[in-house]
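Everything on this sheet refers to the single structure shown next.
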Amino acid sequence: RGVVVNISETVESISAAIHEAEKQADHEVTEALIGITGDHVRGINYSGVITVNKNNNRQPVGQEISQTDIHRVLEHAQSINLSPDRRILHVLTQEFKVDDRSGIKNPQGLSGHRLEAKVHLVTSAINTEKDIRTCMEKAGVEILDFVLEPLASAYSVLDMNERDLGVVLIDIGGGTTDVIVYRDGGVMHAGAIPIGGSNITNDIAFGLQTTREQAELIKCQHGSARTALANPEENITIAGTSGRESKTVSQNHLASIIEPRMDEIFRLAKNEINKSNYQGENTFGIVLTGGGARLKHVEDLAQDIFKQPIKIGMPELQGGISEKVNNPRFSTAVGLVKYGIKNWESLDYGDESITSIFQDFYSKLKKLFNNWY
Numbered sequence: 001r002g003v004v005v006n007i008s009e010t011v012e013s014i015s016a017a018i019h020e021a022e023k024q025a026d027h028e029v030t031e032a033l034i035g036i037t038g039d040h041v042r043g044i045n046y047s048g049v050i051t052v053n054k055n056n057n058r059q060p061v062g063q064e065i066s067q068t069d070i071h072r073v074l075e076h077a078q079s080i081n082l083s084p085d086r087r088i089l090h091v092l093t094q095e096f097k098v099d100d101r102s103g104i105k106n107p108q109g110l111s112g113h114r115l116e117a118k119v120h121l122v123t124s125a126i127n128t129e130k131d132i133r134t135c136m137e138k139a140g141v142e143i144l145d146f147v148l149e150p151l152a153s154a155y156s157v158l159d160m161n162e163r164d165l166g167v168v169l170i171d172i173g174g175g176t177t178d179v180i181v182y183r184d185g186g187v188m189h190a191g192a193i194p195i196g197g198s199n200i201t202n203d204i205a206f207g208l209q210t211t212r213e214q215a216e217l218i219k220c221q222h223g224s225a226r227t228a229l230a231n232p233e234e235n236i237t238i239a240g241t242s243g244r245e246s247k248t249v250s251q252n253h254l255a256s257i258i259e260p261r262m263d264e265i266f267r268l269a270k271n272e273i274n275k276s277n278y279q280g281e282n283t284f285g286i287v288l289t290g291g292g293a294r295l296k297h298v299e300d301l302a303q304d305i306f307k308q309p310i311k312i313g314m315p316e317l318q319g320g321i322s323e324k325v326n327n328p329r330f331s332t333a334v335g336l337v338k339y340g341i342k343n344w345e346s347l348d349y350g351d352e353s354i355t356s357i358f359q360d361f362y363s364k365l366k367k368l369f370n371n372w373y
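Numbered according to our numbering, the sequence shown terminates at residue 373, and the numbering increases by one at each position without gaps.
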């Protein structure tokens, strides 16, 4: 659910994942971008205002807005009272306003007296980040940065038209379901629900009296999110455990276990979307991604609840290992790499050692993704 509850078990899982990644990539992993999510991550819409022409605000002609002014107003937009155990993870620009002109994406070069920035601030719990950092360091990996997971997924599956005209991305992961709302190219709201695919797996294990491992396999191979659309003639064999005999259930019965939980996830996601306080329509509706989006008939259930167009979003890479990663379950992972490439190319850390780490990491990413675009 986005938090560490057992250091040793988490380190063991991370180490196993790193070993597998190194084996597949034939490359040592020493640094990483880390996706972060959970109900400890919170978002708020905020704004900051500065005076551009500080010398004489009465002059009719305003001063030309510089990059320094933009940095300054974004700093003002972060002037929010946070508890000592929280920090700002992302400052996501929604729009700028110059005097009475709104809806501006880049005010540099425009003239005016007053510059306002509207942003979506994402904050996270410092102790949660520290726990994750401890686990990564014990696994021998240095964290280069934390990135909000639904933001990373958006980089992977949404295009600019969707972000500009309005879209909601729902990422159904294992421990959480993440929601991010885009409009006019900016993030209006982001949130997380502490329920995901693992809850469905647990429901199946309990309902069919089987192991979690077998429940996960059954979910992935035969799971349906709609009981009415599941095949009552398709029989699924459940292997016996702890001396019990094997048994057979229909896909229809399996769906009757899955649908209530998926219904709950979508209705909680709908409540999260409503927090964005947007009264209009999302032109591109809802995009579903994450491992949970692979369930059969999940689009039909979502359509019934949201009453909007539904699409399954997945990375669309070309060549290389694209056949393996063009899958909704890898949206966040692919998005983290794209986020790193897009956002770090022009950054100057000011610290030679950190800059050196970034340059080396960036060159590796570019080489790795060379055949993917």
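Backbone N, C-alpha and C fix where the C-beta goes; we use that ideal spot for every residue, glycine too.
It is roughly 15 Å from the alpha-carbon of Ser111 to the alpha-carbon of Gly103. The three-state secondary structure of Ser156, taken from DSSP, is helix. Going by DSSP, Lys311 is part of no alpha helix (DSSP H) but of the beta strand (DSSP E) stretching over 310-312. Comparing C-alpha distances from Gly191 to each of Gln24, Thr37, Glu9 shows the shortest one belongs to Thr37. For Asn202, the uninterrupted alpha helix (DSSP H) segment begins and ends at 197-208.
Here Ala225 carries a coil assignment [DSSP, helix/strand/coil]. Taking a C-beta distance under 7 Å as the contact criterion, Ala215 and His297 do not qualify as a contact pair.
Between the alpha carbons of His253 and Val5 lies a distance of about 34 Å. Here Glu245 carries a coil assignment [DSSP, helix/strand/coil]. For Ser8, the uninterrupted alpha helix (DSSP H) run begins and ends at 7-25, by DSSP. Taking one beta carbon from each stretch, the stretch 128-148 and the stretch 23-32 have 3 or more pairs nearer than 8 Å; the two touch. The Cβ-Cβ distance between Val157 and Thr289 falls below 7 Å. Exclusion of the five residues before and after Leu74 leaves Gly48, Val91, Thr93, Ala117, Val119 as the residues of its chain whose Cβ lies within less than 8 Å of its Cβ. Shortest Cα-Cα distance from Ile341 to any of Tyr155, Asn127, Ser13 involves Tyr155. For Ile310, the CB contacts under 7 Å within the same chain, skipping 5 residues up- and downstream, are Gly285, Ile286, Leu288, Glu299, Ala302, Gln303 in chain order. Within the same chain, Cβ atoms closer than 7 Å to the Cβ of Lys338 are found at Tyr155, Ser156, the five residues on either side in sequence being excluded.
Linking Ile257 to Asp203 through their CA atoms gives a straight-line distance of about 7 Å. Leu268 and Trp344 have their C-alpha atoms some 34 Å from each other. Rounded to whole angstroms, the Cβ separation of Gly196 and Thr211 is 19 Å, and the two are not in contact under 8 Å.
Take the alpha-carbon of Ala239 and the one of Lys219: they are about 14 Å apart. Every beta strand (DSSP E) stretch that sits fully inside the stretch 54-100 and reaches 3 residues is listed by chain position as 86-98.
For Leu110, there is no enclosing alpha helix (DSSP H), as DSSP marks it with neither H nor E. If you ignore the 5 residues before and after Gly43, its C-beta comes within less than 7 Å of the C-beta of His120, Leu121, Val122, His189, Ala190, Gly191, all in its own chain and listed in chain order. In the assembly as shown, Lys130 is an exposed residue. Its beta-carbon has fewer than 16 other beta-carbons within 10 Å. Here the C-alpha atom of Asp145 lies approximately 6 Å from the C-alpha atom of Ile34.
The shortest C-alpha to C-alpha distance from Ser79 to any of Ile50, Ile265, Asp100 is the one to Ile50.
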